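Chains as they are written, first to last, in full-length UniProt numbering: chain A, 1 to 376; chain B, 1 to 376; chain C, 1 to 376.
Take a look at the structure set out below.
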Amino acid sequence: MGAVREALDALALVDHHCHGVVTADLDRPAFESLITEGSRWPGSGVSPFDSPVGVAVRRHCAPLLGLERHAPPEEYLARRAELGWREVHRRLLGAAGTGVYCVDTGYAPDDVTTPAELAGERAAAYEVVRLESVAEAVAARGVEPDGYADAFRAAALEAVGRPGVVAVKSVAAYRTGFALDPDRPGDAEVGQAARRWLARGGRLDDPVLVRHLLWTAVDLGLPLQLHTGFGDSDLRLHRADPALLTDWLHRISGTIPVLLLHCWPYHRQAAYLATVFAHVYLDVGLALHYVGPARASAVLAEALEITPFRKLLYSSDAYGVAEFHLLGAVSFRQGLAALLQERVDADELCLADALRIVTWTGADNSRQVYRFSATS
Amino acid sequence: MGAVREALDALALVDHHCHGVVTADLDRPAFESLITEGSRWPGSGVSPFDSPVGVAVRRHCAPLLGLERHAPPEEYLARRAELGWREVHRRLLGAAGTGVYCVDTGYAPDDVTTPAELAGERAAAYEVVRLESVAEAVAARGVEPDGYADAFRAAALEAVGRPGVVAVKSVAAYRTGFALDPDRPGDAEVGQAARRWLARGGRLDDPVLVRHLLWTAVDLGLPLQLHTGFGDSDLRLHRADPALLTDWLHRISGTIPVLLLHCWPYHRQAAYLATVFAHVYLDVGLALHYVGPARASAVLAEALEITPFRKLLYSSDAYGVAEFHLLGAVSFRQGLAALLQERVDADELCLADALRIVTWTGADNSRQVYRFSATS
Amino acid sequence: MGAVREALDALALVDHHCHGVVTADLDRPAFESLITEGSRWPGSGVSPFDSPVGVAVRRHCAPLLGLERHAPPEEYLARRAELGWREVHRRLLGAAGTGVYCVDTGYAPDDVTTPAELAGERAAAYEVVRLESVAEAVAARGVEPDGYADAFRAAALEAVGRPGVVAVKSVAAYRTGFALDPDRPGDAEVGQAARRWLARGGRLDDPVLVRHLLWTAVDLGLPLQLHTGFGDSDLRLHRADPALLTDWLHRISGTIPVLLLHCWPYHRQAAYLATVFAHVYLDVGLALHYVGPARASAVLAEALEITPFRKLLYSSDAYGVAEFHLLGAVSFRQGLAALLQERVDADELCLADALRIVTWTGADNSRQVYRFSATS
Numbered sequence: 001m002g003a004v005r006e007a008l009d010a011l012a013l014v015d016h017h018c019h020g021v022v023t024a025d026l027d028r029p030a031f032e033s034l035i036t037e038g039s040r041w042p043g044s045g046v047s048p049f050d051s052p053v054g055v056a057v058r059r060h061c062a063p064l065l066g067l068e069r070h071a072p073p074e075e076y077l078a079r080r081a082e083l084g085w086r087e088v089h090r091r092l093l094g095a096a097g098t099g100v101y102c103v104d105t106g107y108a109p110d111d112v113t114t115p116a117e118l119a120g121e122r123a124a125a126y127e128v129v130r131l132e133s134v135a136e137a138v139a140a141r142g143v144e145p146d147g148y149a150d151a152f153r154a155a156a157l158e159a160v161g162r163p164g165v166v167a168v169k170s171v172a173a174y175r176t177g178f179a180l181d182p183d184r185p186g187d188a189e190v191g192q193a194a195r196r197w198l199a200r201g202g203r204l205d206d207p208v209l210v211r212h213l214l215w216t217a218v219d220l221g222l223p224l225q226l227h228t229g230f231g232d233s234d235l236r237l238h239r240a241d242p243a244l245l246t247d248w249l250h251r252i253s254g255t256i257p258v259l260l261l262h263c264w265p266y267h268r269q270a271a272y273l274a275t276v277f278a279h280v281y282l283d284v285g286l287a288l289h290y291v292g293p294a295r296a297s298a299v300l301a302e303a304l305e306i307t308p309f310r311k312l313l314y315s316s317d318a319y320g321v322a323e324f325h326l327l328g329a330v331s332f333r334q335g336l337a338a339l340l341q342e343r344v345d346a347d348e349l350c351l352a353d354a355l356r357i358v359t360w361t362g363a364d365n366s367r368q369v370y371r372f373s374a375t376s
Numbered sequence: 001m002g003a004v005r006e007a008l009d010a011l012a013l014v015d016h017h018c019h020g021v022v023t024a025d026l027d028r029p030a031f032e033s034l035i036t037e038g039s040r041w042p043g044s045g046v047s048p049f050d051s052p053v054g055v056a057v058r059r060h061c062a063p064l065l066g067l068e069r070h071a072p073p074e075e076y077l078a079r080r081a082e083l084g085w086r087e088v089h090r091r092l093l094g095a096a097g098t099g100v101y102c103v104d105t106g107y108a109p110d111d112v113t114t115p116a117e118l119a120g121e122r123a124a125a126y127e128v129v130r131l132e133s134v135a136e137a138v139a140a141r142g143v144e145p146d147g148y149a150d151a152f153r154a155a156a157l158e159a160v161g162r163p164g165v166v167a168v169k170s171v172a173a174y175r176t177g178f179a180l181d182p183d184r185p186g187d188a189e190v191g192q193a194a195r196r197w198l199a200r201g202g203r204l205d206d207p208v209l210v211r212h213l214l215w216t217a218v219d220l221g222l223p224l225q226l227h228t229g230f231g232d233s234d235l236r237l238h239r240a241d242p243a244l245l246t247d248w249l250h251r252i253s254g255t256i257p258v259l260l261l262h263c264w265p266y267h268r269q270a271a272y273l274a275t276v277f278a279h280v281y282l283d284v285g286l287a288l289h290y291v292g293p294a295r296a297s298a299v300l301a302e303a304l305e306i307t308p309f310r311k312l313l314y315s316s317d318a319y320g321v322a323e324f325h326l327l328g329a330v331s332f333r334q335g336l337a338a339l340l341q342e343r344v345d346a347d348e349l350c351l352a353d354a355l356r357i358v359t360w361t362g363a364d365n366s367r368q369v370y371r372f373s374a375t376s
Numbered sequence: 001m002g003a004v005r006e007a008l009d010a011l012a013l014v015d016h017h018c019h020g021v022v023t024a025d026l027d028r029p030a031f032e033s034l035i036t037e038g039s040r041w042p043g044s045g046v047s048p049f050d051s052p053v054g055v056a057v058r059r060h061c062a063p064l065l066g067l068e069r070h071a072p073p074e075e076y077l078a079r080r081a082e083l084g085w086r087e088v089h090r091r092l093l094g095a096a097g098t099g100v101y102c103v104d105t106g107y108a109p110d111d112v113t114t115p116a117e118l119a120g121e122r123a124a125a126y127e128v129v130r131l132e133s134v135a136e137a138v139a140a141r142g143v144e145p146d147g148y149a150d151a152f153r154a155a156a157l158e159a160v161g162r163p164g165v166v167a168v169k170s171v172a173a174y175r176t177g178f179a180l181d182p183d184r185p186g187d188a189e190v191g192q193a194a195r196r197w198l199a200r201g202g203r204l205d206d207p208v209l210v211r212h213l214l215w216t217a218v219d220l221g222l223p224l225q226l227h228t229g230f231g232d233s234d235l236r237l238h239r240a241d242p243a244l245l246t247d248w249l250h251r252i253s254g255t256i257p258v259l260l261l262h263c264w265p266y267h268r269q270a271a272y273l274a275t276v277f278a279h280v281y282l283d284v285g286l287a288l289h290y291v292g293p294a295r296a297s298a299v300l301a302e303a304l305e306i307t308p309f310r311k312l313l314y315s316s317d318a319y320g321v322a323e324f325h326l327l328g329a330v331s332f333r334q335g336l337a338a339l340l341q342e343r344v345d346a347d348e349l350c351l352a353d354a355l356r357i358v359t360w361t362g363a364d365n366s367r368q369v370y371r372f373s374a375t376s
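This is the structure we're talking about:
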């Protein structure tokens with residue numbers, strides 16, 4: 001094993017964007033529904049185990065549960081049930097070697113661990129507030145259209161004032177996509193949009209209110225995480241290309257850091273934005289475990305093609321199963337090590353620089369963006 | 001040679017989308033015009049032989065005609081003429097090792113083999129009905145605008161009722177692109193559009209009628225092959241990005257299988273769709289021989305990055321020259337073997353899984369989608 | 001070292017698109033501002049040295065200044081200052097081994113070398129006229145709206161009539177992007193647009209006038225270089241996708257050669273255009289040095305995936321610092337050699353073909369497009 005891999009294996013990663021783990025034992029349908037971005041497809045003959053991420057689970061997680069590498073799905077699930085979710089969680093997160101988790105608490109169709117439960121004894125936990133969830137809670141409580149803007153702002157301020165909150169997040173990519181008017185909407189425009197939305201109900205997907213949400217994020221002053229690229233079938237992928245945000249990124253230059261999450265297959269577009277804007281950062285979370293350790297190096301190589309080394313962050317974007325928290329970390333460590341070691345071996349990069357890139361991307365870039373305090 | 005390559009070489013491939021071979025001997029201009037997606041460029045100093053596909057023809061086809069690898073174009077064409085097209089066809093298709101051909105019979109600017117002639121003694125042949133050709137034949141026969149919808153449906157039903165038909169195909173990508181209204185058009189809308197089109201004549205490129213064609217495909221109930229991505233200069237490539245189809249794919253969920261053909265350079269977008277929709281599949285046909293065996297592994301690696309292994313199919317999309325039916329197969333076998341063997345060697349994939357992926361993608365996924373009967 | 005690399009190292013490259021070098025010694029802020037496509041970000045903690053291009057400068061340029069490979073930035077800049085810009089220029093351009101420079105003289109926010117000064121004794125220099133600069137000079141001199149079209153044409157004709165001019169260039173990608181009406185605008189339309197623009201002032205970014213500029217380029221009859229893809233924060237990257245030009249490329253077929261510059265991350269789209277249109281060419285300049293020699297092979301492999309070998313050109317797109325003229329050449333030589341030698345070693349390509357591809361892409365394709373005369 002090379003020196004780069006050793007450094008990566010020894011590093012306590014900062015996972016700057018992830019979710020909790022389901023607090024229940026999972027039967028096969030439940031587990032399979034959590035290891036795909038598709039819906040479950042019973043009767044289709046397509047099991048999520050028969051995909052790159054399924055192969056990676058059997059290869060990298062099975063040994064941690066005491067099984068052979070590449071154990072069959074049935075055996076894997078039986079052993080998982082035998083150990084119980086708490087022990088699986090303990091083993092997999094223990095092996096992930098993550099030192100800090102920043103947890104998006106605004107998406108939980110299942111009962112999942114709190115940030116503190118996720119992190120356990122070994123790691124620190126911080127919280128990321130999903131602004132769409134805040135807005136929808138405001139609507140659910142009942143608010144007059146003309147009072148929506150103030151009520152949303154007050155609720156967001158309250159949410160980010162909670163101990164341990166280090167960032168906000170938006171899923172505008174899912175709701176409207178990024179081909180939005182980049183200007184801050186006026187009060188009257190917001191009031192009218194709120195009237196329409198509150199009358200109609202449902203999730204926040206009005207373009208004016210989504211813009212308003214993004215500008216409210218600017219006012220809050222915390223780093224803003226943005227879903228871009230890859231996700232589930234609710235996306236229109238081409239509208240989640242972060243290049244569509246360029247006008248808005250110009251407008252908000254000098255205010256808050258913007259963290260482009262996932263990005264694949266637009267990670268080169270994201271790299272361009274991180275290269276030209278001081279306040280833009282990226283990761284390839286979610287893609288890391290879906291492509292698996294066998295392919296993570298190729299994706300990271302594209303993401304790092306032009307990107308300043310202080311601009312790439314690590315995240316798993318794991319949701320639901322501890323397998324993904326582990327696989328994100330393994331993919332990152334193994335993929336980045338392969339790519340940097342190859343350059344060191346070819347004398348295109350010196351070892352000292354490779355080790356700095358490891359520390360920066362795996363931990364310090366997040367520490368600089370989020371300025372974690374002792375609060376946890 | 002590794003075990004994966006041996007399995008691929010032994011496998012009778014299902015080429016789920018291809019065309020016939022020109023039934024004539026070809027002089028240099030005629031041959032060159034068939035090995036490029038460009039028009040012929042006489043006097044430009046650019047020969048299609050001086051491209052990746054030309055290099056691949058000389059490397060992989062020349063030995064099958066009894067020449068040295070990398071034989072010069074003149075020598076290759078002289079030998080080809082000496083053997084005659086029937087013998088060239090026999091040798092190259094024999095070496096391709098394809099067991100089943102699904103042949104799009106709706107595109108034949110030249111005189112080409114029938115599906116049965118293409119397959120010969122060794123392989124089975126099935127037919128794919130190109131719906132634009134059906135619609136244009138209806139118009140050519142003469143039809144009243146208000147009767148167009150019924151006449152098209154009747155003609156399509158008749159076409160797919162022929163023995164050996166296993167799928168329909170649309171080239172909507174060429175005619176309008178995919179940024180279409182995803183909803184089924186109403187009868188009056190179709191009638192008006194038909195009136196305009198029938199008065200104007202020409203090929204079917206009215207957006208309402210293209211939508212109507214796609215929805216008629218849904219009614220027919222057979223798998224639908226869709227050209228996406230790479231093709232000739234008649235494309236507007238960015239409008240052939242399959243991500244633009246997402247709304248329509250949602251609408252038709254639970255009806256017919258949709259096979260995204262070619263996809264390059266949007267194969268990651270296609271992989272996303274195949275990952276989140278149960279009814280969506282993809283291939284990288286056409287790209288396989290144009291990039292050649294030297295690069296097929298890289299393209300397949302991107303196409304398979306997140307794709308469930310039951311969702312990738314093999315096709316050559318060969319048209320006109322048997323060289324392409326051979327090269328598609330060689331690129332697929334060589335490219336997939338390289339990628340899977342590397343993962344087996346790194347213990348990221350077990351050999352049993354690699355062999356299942358070989359059988360699935362090379363043959364069984366197509367068998368499951370098209371449910372070939374004994375009819376041939 | 002393989003035979004391909006030897007051939008590439010021995011070849012006098014034609015750099016068909018680059019800029020001059022700043023004629024002054026540079027302190028750290030000035031040097032850093034020239035080695036990034038971002039603005040300078042003082043206080044951000046992000047130095048352009050901590051990026052792939054910074055690593056490449058320290059690895060490949062430091063030894064040419066008499067330092068160890070990977071020398072730290074401080075040491076590098078101190079040595080650079082000690083030698084003075086003329087000596088640095090002399091050493092780096094000497095090592096680049098470029099035989100011909102085509103220099104875009106229409107962009108010079110700094111005092112830079114003339115084409116002849118850039119080339120020095122060892123190389124020939126030709127000039128590329130940036131049409132937006134011509135148009136803006138016409139406006140600055142004062143012109144009546146109705147006279148704008150004639151005045152611009154006359155000024156452009158005069159500019160391209162200067163000795164040594166071999167091409168024109170447009171930065172339409174920056175000004176409007178490529179989603180333009182592909183038709184030639186009428187006189188009245190141009191007059192009205194000129195009236196608006198001349199009244200408003202500022203740079204040429206009116207869509208009608210940008211179209212008019214592109215059509216004027218067609219009339220001039222010289223090869224047209226077009227910025228596409230990667231550049232600074234002034235871009236809207238997604239509007240610089242060259243596929244958006246397809247309608248216009250159809251319209252002008254049979255007139256002038258069009259050279260798509262940079263292209264990354266749309267180099268596959270550019271490759272498609274170069275494959276289907278006789279008059280379209282591409283390069284991956286700018287990307288070559290920003291990704292660095294460690295990654296140039298991967299980018300070139302994508303750019304050459306389907307591209308006819310007579311259609312890829314070499315350019316550095318270096319601006320400001322001689323480091324970039326050197327790095328472009330090193331990235332091209334090293335990257336192309338790695339990719340071709342690997343194919344030769346695998347017997348996918350014969351050595352004679354590899355050597356032809358070297359000569360074509362590194363020099364002869366440009367010679368054929370630009371038809372350099374003895375004038376220099």
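For glycine and all other residues, C-beta sits at the position ideal for the given N, C-alpha and C.
These numbers come from a predicted model, not from an experiment.
In chain order, I306 make up the part of chain A whose C-beta sits under 7 Å from the C-beta of C/Y290. A/R5 is outside the set of residues whose beta carbon lies under 8 Å from a beta carbon in chain B.
The stretch 32-39 of chain B makes contact with the stretch 274-289 of chain C; the number of CB pairs closer than 8 Å reaches 3 or more. A buried status is given to A/D206, since no fewer than 16 other beta-carbon atoms sit within 10 Å of its beta-carbon.
DSSP places C/T216 in the uninterrupted alpha helix (DSSP H) bounded by 207-220. Neighbours of B/C263 across chain A, judged by C-beta separation under 7 Å, do not exist; the nearest C-beta is about 12 Å away. Following the DSSP letters along the chain, one finds A/D247 inside the alpha helix (DSSP H) bounded by residues 246-251. Of all residues in the stretch 206-239 of chain C, only F230, D232, S233, L235, R236, L237, H238 come within less than 8 Å of chain A when Cβ atoms are compared, listed by chain position.
What C/F277 touches in chain B, judged by beta-carbon distance under 8 Å, is G38, S233, going in chain order.
For C/T275, the uninterrupted alpha helix (DSSP H) run begins and ends at 267-276, by DSSP. According to the DSSP secondary-structure assignment, A/Y148 is paired through a beta bridge with no residue. Per DSSP, C/D241 is not a residue of any beta strand (DSSP E), being assigned neither H nor E.
If you draw a 10 Å sphere on the C-beta of B/R371, you find fewer than 16 other C-beta atoms in it, and that means exposed.
With the criterion set as a beta carbon lying under 8 Å from some beta carbon of chain B, the stretch 159-174 of chain C has no members that meet it. Residue pairing by DSSP leaves A/A194 without any beta bridge partner.
Scanning its chain for C-beta atoms nearer than 6 Å, with the 5 sequence neighbours on each side dropped, one finds around B/A338 the residues S297, in chain order. Distance from the CA atom of A/L213 to the CA atom of A/G2, rounded to whole angstroms, is 46 Å.
The straight-line gap separating the alpha-carbon atoms of C/V291 and C/F324 is approximately 12 Å.
Within the same chain, F49 come within 6 Å of A/P73 by CB-CB distance, once the 5 residues on both sides are set aside. By DSSP's assignment, A/T98 forms a beta bridge with A/L13.
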